[in-house]
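Residue numbers (UniProt numbering): 1 to 873.
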Amino acid sequence: MDRATRLSKAIYLNSNNPKLAWLLFKRILSSPIAASSSFFKTSLQSLPAIARILITAKMHPEIDHLHQLLLSQHRDFAHPSGFSLVQSLAGSGLFESVISQFQSLRTRFPDDPPAISFYNFLFRCSLKESRVDFVIWLYKDMVVARVKPQTYTFNLLILALCEMGHLENAREVFDKMSEKGCEPNEFSLGILVRGYCRAGLHYRGIELLDELTSSGTLPNRVVYNTVISAVCGEGQTAEAEKLVERMRDAGLSPDIVTFNCRIAALCKSGQILEACRIFRDMQIDEELGLPQPNIVTYNLMLEGFCNEGMLEESKALFDSMKRSATFLSLESYNIWLLGLVRSGQLLEARLILNEMAEKSIKPNLYSYNILIYGLCKYGMFSDARSILGLMRESGLAPDTVTYSTLLHGYCCRGKIVKANYVLREMMQVGCFPNMYTCNILLHSLWKEGRASEAEELLQKMNERNYGLDNVTCNTMINGLCKTGNLDKAIEIVSGMWTHGSASLGNLGNSFIGLFDVGNSGKKCMPDSVTYATIISGLCKVGRIDEAKKKLLEMIGKGLSPDSLIFDTFIHSYCKQGKLSSAFRVLKEMEKKGCNKSLRTYNSLIEGLGSNQIFEIYGLMDEMRESGISPNIYTYNNIIRCLSEGGKVKDATSLLDEMLQKGIYPNVYTFRILIGAFLKACDFGAAQDLFEIALSLCGHKESLYSFMFNELLAGGETFKAKELFEAALDRSLALKNFLYKDLIERLCKDEKLDDASFILHKMMDKQYRFDHASFMPVIDGLGKRGNKHAADEFAEKMMEMASETDPSQHENKIIRRRSNNYDEGDWHKIVHRNDGSGIAQKALKRVLKGWGQGSITTLQPQKFSTHDYWDGDA
Numbered sequence: 001m002d003r004a005t006r007l008s009k010a011i012y013l014n015s016n017n018p019k020l021a022w023l024l025f026k027r028i029l030s031s032p033i034a035a036s037s038s039f040f041k042t043s044l045q046s047l048p049a050i051a052r053i054l055i056t057a058k059m060h061p062e063i064d065h066l067h068q069l070l071l072s073q074h075r076d077f078a079h080p081s082g083f084s085l086v087q088s089l090a091g092s093g094l095f096e097s098v099i100s101q102f103q104s105l106r107t108r109f110p111d112d113p114p115a116i117s118f119y120n121f122l123f124r125c126s127l128k129e130s131r132v133d134f135v136i137w138l139y140k141d142m143v144v145a146r147v148k149p150q151t152y153t154f155n156l157l158i159l160a161l162c163e164m165g166h167l168e169n170a171r172e173v174f175d176k177m178s179e180k181g182c183e184p185n186e187f188s189l190g191i192l193v194r195g196y197c198r199a200g201l202h203y204r205g206i207e208l209l210d211e212l213t214s215s216g217t218l219p220n221r222v223v224y225n226t227v228i229s230a231v232c233g234e235g236q237t238a239e240a241e242k243l244v245e246r247m248r249d250a251g252l253s254p255d256i257v258t259f260n261c262r263i264a265a266l267c268k269s270g271q272i273l274e275a276c277r278i279f280r281d282m283q284i285d286e287e288l289g290l291p292q293p294n295i296v297t298y299n300l301m302l303e304g305f306c307n308e309g310m311l312e313e314s315k316a317l318f319d320s321m322k323r324s325a326t327f328l329s330l331e332s333y334n335i336w337l338l339g340l341v342r343s344g345q346l347l348e349a350r351l352i353l354n355e356m357a358e359k360s361i362k363p364n365l366y367s368y369n370i371l372i373y374g375l376c377k378y379g380m381f382s383d384a385r386s387i388l389g390l391m392r393e394s395g396l397a398p399d400t401v402t403y404s405t406l407l408h409g410y411c412c413r414g415k416i417v418k419a420n421y422v423l424r425e426m427m428q429v430g431c432f433p434n435m436y437t438c439n440i441l442l443h444s445l446w447k448e449g450r451a452s453e454a455e456e457l458l459q460k461m462n463e464r465n466y467g468l469d470n471v472t473c474n475t476m477i478n479g480l481c482k483t484g485n486l487d488k489a490i491e492i493v494s495g496m497w498t499h500g501s502a503s504l505g506n507l508g509n510s511f512i513g514l515f516d517v518g519n520s521g522k523k524c525m526p527d528s529v530t531y532a533t534i535i536s537g538l539c540k541v542g543r544i545d546e547a548k549k550k551l552l553e554m555i556g557k558g559l560s561p562d563s564l565i566f567d568t569f570i571h572s573y574c575k576q577g578k579l580s581s582a583f584r585v586l587k588e589m590e591k592k593g594c595n596k597s598l599r600t601y602n603s604l605i606e607g608l609g610s611n612q613i614f615e616i617y618g619l620m621d622e623m624r625e626s627g628i629s630p631n632i633y634t635y636n637n638i639i640r641c642l643s644e645g646g647k648v649k650d651a652t653s654l655l656d657e658m659l660q661k662g663i664y665p666n667v668y669t670f671r672i673l674i675g676a677f678l679k680a681c682d683f684g685a686a687q688d689l690f691e692i693a694l695s696l697c698g699h700k701e702s703l704y705s706f707m708f709n710e711l712l713a714g715g716e717t718f719k720a721k722e723l724f725e726a727a728l729d730r731s732l733a734l735k736n737f738l739y740k741d742l743i744e745r746l747c748k749d750e751k752l753d754d755a756s757f758i759l760h761k762m763m764d765k766q767y768r769f770d771h772a773s774f775m776p777v778i779d780g781l782g783k784r785g786n787k788h789a790a791d792e793f794a795e796k797m798m799e800m801a802s803e804t805d806p807s808q809h810e811n812k813i814i815r816r817r818s819n820n821y822d823e824g825d826w827h828k829i830v831h832r833n834d835g836s837g838i839a840q841k842a843l844k845r846v847l848k849g850w851g852q853g854s855i856t857t858l859q860p861q862k863f864s865t866h867d868y869w870d871g872d873a
């Protein structure tokens, strides 16, 4: 055995020791006898082995060194060995090295290009790595080198051009293939047609079919299926039917793929009834020669029903699939599981998981993740943990998606500490978080106002070499805007154009110079979300002129503003009462082709106010014509405007309209109406409306305190007293009740017994209320000569005065009553009876005969406009 062969064998034997293998290979090339062509040729037999070893070990500097060593050899050896190394790199996905090494080889050997098969191989690898730009460069290099392309080469080039969106260039290549001696085949046509369809230009694909058909070239079934799928996706079912008939005329019978394409596209576009019609035809119309549905068809229909929330239809179809085991698979069960979870049927979903085990269909990781997602969504973390245990018992290890779902659930509930525990658990079991996981936690930390912890997490992400993306940057910018660091956020956005995510290093403290200003950072550029965040932040603090400058900057950078940005300006102008400016923005919005949204209309309605009711109704009509349904915020604004304009009866009629449309009023809705009737001294109507509010919104403290304070302000002391006692019976918090005023009023009206009863009841309920409430009663009792009772109250008052936190007990009650279930069981999800039917009947009853009354001299309780932003207010 000669020396070269022995060294080559030594390299193979040291595959597990890459550094030693590399040293041995370098010794081969640097051997004194390496100049011998036979020796060198034998040595190069180990080139694929050493390349594989270096690639596996990720020894990138050594790979570059190997390339230079090969280039330094004689051209007879450097040429084949260099291209061999490039081929090994391309097959391993190291594409940056592929590009640089191939280009250096072409520079070294400009007149000796590789064969067309090598170019085709690089074409395929480039497309696999989504480097379509390199495909174009390769083709230009082929033209310069006069390498004759094949039809396969042109097909890859057309595919690359379609991927880049250069459809005109792709069509030009298709048309000129014949001139280059390569006739387009059915794959050429299919690639181009698919490119048109993916770009939403299916009509261009149909035009191409027409041209080829007229020239005698008949497209195949795959091409027709592609166009049919695209046409169905656009909702043009009639056009799809024509294409199916055209297939038949061309002698091509529509197959199961054709029908599945149609059904999939129809389900995706929400045309579930049309998809169902085709599905039924396939089941029963054998005489028409339609293909019978297969398991793919059934799964498509099941998914379509589930996505549309048609649970009864989904269940009926799933039951029929179970009766025929042919049409039931793990995928079917997962689709049904997801449908149940999305509709909140968690108990049924849990039973399905048990059923899968009974039918010997082993749930996979995706099955368990679906159920964990549903449980976390409803805050049932204890049950989610139990499913995690079942997953482990079945031999499946939780993955990043599992842990990210748990983490996201905790974050949504504001349980950051427990979310951190999940993150720590992930790391301990070797399941490292991805960017999505970190971004969830980062967003939650900012949402909770824990800026220092958010910055600490960002530092850890950088230390672990996470390539920060736009979501990360936008999350940090949004957090800075919400915490009042708007100028710092603007500074970071400006820096992103030059340094990418590295501009986050400008956060200060330990972040100065933290991020590399490398290529990874430069990939993260400001986008429309970035500017929408900054513009929104500026508008919220009244810096609209600066926001307009940012809008111009955005347009100058080639970013088009969307409806959200225009809505932000409209909302800000309406809030400031600058309606003319708001409508100018609206016109500009329409010029840019941005559709008006629900938020657009809501802002305009809010801005118009009570003096322009006619214009508000005009906007409502326009909304209906545009197919935009009003929401609770829309109705609250109109009800407020009508009430302020003295049209309370019209406002109440809108309440009836809301209930009929299934839009449930919130606390703010009722506060507007109750306040209007109380202002008009129509206390009976207000009381009836209050009862309706309780049936729809529940016994909320905000309702009781508002009604109590308004009754008290209107001089209805007895009714206020009764309502306050009811609030005490329900252990509601007292911080918004003007109970001191009630006690003073009772004492002033010489109703000391009632006032004393209120105090005793508050003490019996263990409230720590304002000790000054005792004074009117103590004074009244003293004047009556009831010294014993006065002294008892005085002692209690002194005891309460010594308390350091008089609101502590009230807060404790609030927490006890509003506890979210996070240690739930399967029976905690119940269907709430919202009482809407009873409320609607009561509303129609009290609508009759509600008077306007006289205006009270007392001022009603004020409430903030922030209330009606909150649907739970």
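Idealized CB from N, CA, C, for every residue including glycine.
Owing to the predicted nature of the structure, the values given are computational and were not obtained by experimental measurement.
If we ignore side chains and look at the alpha-carbon of each, how far apart do residue i and residue j end up?
i: Asn478; j: Ile544; result: 18 Å
i: Met461; j: Leu94; result: 24 Å
i: Leu749; j: Ile638; result: Checking the displayed sequence, the identity of residue 749 turns out to be Asp instead of Leu. Their Cα atoms are separated by approximately 40 Å.
i: Leu365; j: Lys575; result: 50 Å
i: Glu590; j: Met525; result: 28 Å
i: Gln236; j: His79; result: 56 Å
i: Arg280; j: Phe259; result: 12 Å
i: Ser560; j: Asp567; result: 14 Å
i: Gly513; j: Gly500; result: Interpretation of Gly513 is limited by its pLDDT of 41, a score under 50 that renders its predicted location unreliable; the figure taken from the coordinates is listed afterwards. Straight-line Cα distance between these residues: approximately 13 Å.
i: Gly449; j: Thr530; result: 20 Å
i: Asn185; j: Asn169; result: 18 Å
i: Lys679; j: Glu644; result: 11 Å
i: Tyr635; j: Leu654; result: 7 Å
i: Pro18; j: Ala57; result: 7 Å
i: Arg248; j: Leu330; result: 35 Å
Can you give me the start and stop residues for the alpha helix (DSSP H) that residue i sits inside?
i: Met658; result: Val648 to Gln660
i: Phe432; result: Neither: Phe432 is in no alpha helix (DSSP H) and is coded neither H nor E.
i: Cys481; result: Asn470 to Lys482
i: Gly495; result: Leu486 to His499
i: Ser324; result: Taken as a continuous stretch (DSSP letters only), Ser324 belongs to no alpha helix (DSSP H), as it is neither H nor E.
i: residue 876; result: In the structure as shown, the chain starts at 1 and stops at 873, and residue 876 therefore has no counterpart that could be examined.
i: Met797; result: Lys787 to Ala801
CB-CB under 8 Å to residue i, same chain, minus the five flanking residues each way: which ones, in chain order?
i: Asn354; result: none
i: Val227; result: Val193, Cys197, His202, Gly205, Ile206, Leu209 and Leu243
i: Gln283; result: Gln292 and Pro293
i: Gln87; result: Phe118 and Phe121
i: Ser126; result: Phe95, Val132, Phe134, Val135, Leu138 and Ala160
Between the Cα of residue i and the Cα atoms of the options, which residue gives the shortest distance?
i: Arg52; options: Leu89, Pro80, Leu71 and Asp64; result: Leu89
i: Asp729; options: Cys747, Leu85, Lys58 and His760; result: His760
i: Leu111; options: Glu129, Val143, Ile692 and Ser84; result: Reading off the sequence shown, one finds Asp at residue 111, where the question assumed Leu. Among Glu129, Val143, Ile692 and Ser84, the Cα nearest to that of Asp111 is on Val143.
i: Pro61; options: Lys661, Trp22, Glu588 and Lys447; result: Trp22
i: Ala316; options: Met301, Leu330 and Ser329; result: Met301
i: Phe123; options: Asp562, Ser104, Gly609 and Ile99; result: Ile99
i: Tyr333; options: Gly344, Asp319 and Asn611; result: Asp319
i: Ser773; options: Lys783, Phe737 and Lys787; result: Phe737
i: Met658; options: Tyr633, Ile570, Arg108 and Leu266; result: Tyr633
i: Glu179; options: Leu157, Thr213, Pro149 and Glu313; result: Pro149
i: Gly430; options: Gly484, Asp399 and Glu716; result: Asp399
i: Gly715; options: Leu746, Cys697, Leu694 and Gly698; result: Leu746
Which residues in the same chain have their Cβ closer than 6 Å to the Cβ of residue i, if we skip the five residues on either side of it in sequence?
i: Gly190; result: Val222 and Val223
i: Cys182; result: Thr151 and Phe154
i: Arg599; result: Asp567
What I want to know is whether the C-beta of residue i ends up closer than 8 Å to one or more non-hydrogen atoms of the ligand ZN.
i: Thr400; result: Summarising the ligand content, the structure contains no ligands, and the ligand ZN is consequently not present.
Checklist entry - Where are the alpha helix (DSSP H) runs, 4 residues long or more, that stay fully inside the stretch 239-289, in chain order? => result 256-268 and 272-284
Item to check | Any alpha helix (DSSP H) of 4 or more consecutive residues that is wholly inside the stretch 683-764 | outcome: 683-697, 701-713, 717-729, 739-748 and 752-764
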